[in-house]
Structures are given as C-alpha cells and as structure tokens.
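Read through the structure below, which is laid out as structure tokens, and then see the notes.
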Amino acid sequence: MARDYYDVLGVSRDSDAQALKKAFRAKAKELHPDKNPDNPKAEEQFKELNEAYAVLSDEGKRKQYDSFGHQRFHEKFSSEDIFRGTDFSSAFEGTGFGADILEALFGGRGGGRGGFGGAGFGGQRRGPQKGQDLEVEVEVAFAEAALGGERRLRIMRSDGPRELTVRVPAGIEDGGKVRVRSEGNPSPSGGPAGDLILRLKVAAHPLLTREGADLHANVALPLSTLVLGGTAVIPTLDGDKKIRVKPGTQSGAQQRLPGLGAVRRDPERGTTGDRGDLYAHLIPTVPAELDDRTRALFEQLRELGG
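Counting from 1 along the sequence shown, just add 864 to a position and that's the residue number in this note's numbering.
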C-alpha cells in the first residue's frame, strides 16, 4: 500500500475519531467487494481503505504513523501489527455489510474486540494465521544504495528456495531495512505468507565515503598543481569529472560538486529524487624518493622560504 493513509480516507491530518469513522463507512459502502464483484482494482482499494483505518483509528498506531511517516512506518511494522486490535465490527455498523469479509481478504491478521481472525494481545487465535516474517542480510554495492537499483535474490524460506527481484530504494544507508510484502515464510495453516525483511549491508567504495546524502573523495595531487594551479580528475558515481584547481590551493582544501551525491531520503516521504553533493578534498602527494634534480629544486625552494 503506497498512498498516504489520510489521502486514502480523504480526511485531514487533524481529523478526530468520528470523522475517520464517517469517512471509512462512506468509502467502505462504495468499495465493498459485494458491490464490486470481479473487480480487482476495487478490491485492492478496499484493502487499502481498511489498512488506513486500522492505523488511523488507533491512537497509538496513529502517533507512530505521524511520527515515522508512511515509508518508515511500513519498514518497521508488519501487516499483523497494523491490524491487531482494530474494532472493525463497530466501524462497519450502518454500512449494510459485516466485517466478516475481512477474514477472506486478509487471512486473519487482525485481532482484539471486534477484530477478525486473531486474538489481539493475548487471546487464543482462530483461523489461518499469517506466516512468519523472514529477515535476511543482503550486501549491495555503494552506488546501488546511493542511487537505487534492482537486485535478483535467491532466499531460503521454510518451504525451500525462492528467487525474486527486489528494488533497492535510492538513498538507503547501511543497516537500512526493506520490507517486501508476502514474500516471507508461508503460513502453516493456509493464511497469507509473512513478509520478507531485507537488512542491507552497503559495501565500501574504494574512493568515496558517504555522510547522509553527501559524498566525500580524497584526491591526491602533485604539490606543483596545488601551488601553480591546474586540473584534477574527481571520481563520482556518474563517472570521472574534471575540476579546475586554483593557484595557491591549500592542502586539505575542498571543492563542492553540487548534485553528484546520493539521492536524498525524506523521513516521511522516502526517496525524494534530489541528490546531495560531492566534496573533493585536495591532498598533496609527497614523493617518497627524490632524484638529484628534484632534490635540488626543493632545496632551492627552501632557500627562497617556500
């Protein structure tokens, strides 16, 4: 489910419980599968509607959703977490439909008073249960994490190996997690599969380091280039770039290359599309050995006070 839950329900972010329930009932009447047989799009919208209501109608879940934002909320919580304890029986009052349809659509992920197919926070579970989530570590390339990409994976589930293609979100950092819905372990009781959680390990880059969306490169240059000026070749994720070095540039001076960093990620919206910057740190190279001519030149420079 990719849309913001407030948009799904068509309510403002400061709507109270009654406004949420009223909006839910109106849309539930419109999208209910009994009114839209053989309509996969309406069924998906109905699922999305129930998921949105399950989160926003619960004060605790709503606070976390508002705090984390849609993307991070889904990275942290499973479908079972989302539906646990939701009172759908009350929510469906006056719609002409019962909440029993949710058992078939969601496979018993809810629970608690008036929930469906579960027992909330401690009761005996009923019906098919969701399979266990599966967490695996995946190593991705530095550029792949910074700019995004796709990765073909082979994972081992409880029912055997499975191959799938997953998206690496642009701008994700080392240790970040990606949740892939319904690709975890299958349910032993006929319910939906759990989720696959990818814990990303970002490989080091030989020339670049990263701080948030910004990249840094140490660029070794001959001392003469820093003193007299010239050009330098800077490694970037978009290929090598040439920059001009001004005469008299000091050791450790940095030059900023705007828009050549990693993709920025917003805590609420996820990937923004904007990119950070790359900072080139200019470091002089000192020769380990000097021939007679070079030594003589350096001695002359020293005599001149350089």
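Ideal Cβ positions, reconstructed from N, Cα and C, are used throughout, including at glycine.
Does the beta-carbon distance from residue 1124 to residue 1139 come in below 8 Å? Contact: yes.
Which residue from 1062, 1055, 869, 926 puts its Cα closest to that of residue 939? It is 1062.
Assess contact between the stretch 1010-1024 and the stretch 1081-1100, defined as three or more Cβ pairs (one per stretch) separated by less than 8 Å. Is contact present? Contact between the stretch 1010-1024 and the stretch 1081-1100 is absent, because fewer than three Cβ pairs lie under 8 Å.
Can you give me the C-alpha to C-alpha distance between residue 882 and residue 900, rounded to a whole angstrom? Their backbone Cα atoms lie some 26 Å apart in a straight line.
At least three beta-carbon pairs within less than 8 Å, the stretch 1097-1104 to the stretch 1113-1128: Cβ pair count under 8 Å is three or more, so yes.
Would a C-beta distance cut-off of 8 Å place residue 1148 and residue 1115 closer than the cut-off? Their beta carbons are under 8 Å apart, which means residue 1148 touches residue 1115 by this criterion.
Could you tell me the alpha carbon to alpha carbon distance between residue 1004 and residue 1067, rounded to whole angstroms? In a straight line, the C-alpha of residue 1004 is about 6 Å away from that of residue 1067.
For residue 1092, collect the residues of the same chain with a Cβ closer than 8 Å to its Cβ; drop the 5 residues on either side in sequence, then sort them by chain order. So the list reads 1111, once near-sequence residues are dropped.
Bridge-paired residues (DSSP) for residue 1119: Per DSSP, 1144.
Of all the options 922, 1038, 1161, 1105, which has the alpha carbon lying nearest to the alpha carbon of residue 1001? Check the Cα spacing between residue 1001 and each of 922, 1038, 1161, 1105: the tightest is with 1038.
Which first and last residues belong to the beta strand (DSSP E) in which residue 1098 is found? Going by DSSP, residue 1098 is part of the beta strand (DSSP E) stretching over 1094-1098.
Under the three-state DSSP convention, the category residue 950 falls into: DSSP places residue 950 outside both helix and strand once states are collapsed to three, so it counts as coil.
When the Cα atoms are used, what is the spatial distance from residue 948 to residue 1072? Rounded to whole angstroms, residue 948 to residue 1072 spans 44 Å at the Cα level.
Sequence-distant residues of its chain with Cβ nearer than 6 Å to residue 918 (five each side left out): Closer than 6 Å at the Cβ level, and outside the excluded window around residue 918, lie 946, 947, 950.
Output needed for residue 1113: all residues of its chain with C-beta closer than 7 Å, excluding positions within five of it in sequence on either side, in chain order. 1090, 1146.
Tell me the DSSP secondary structure of residue 1080 in three-state form. Note: residue 1080 maps to strand in three-state DSSP.
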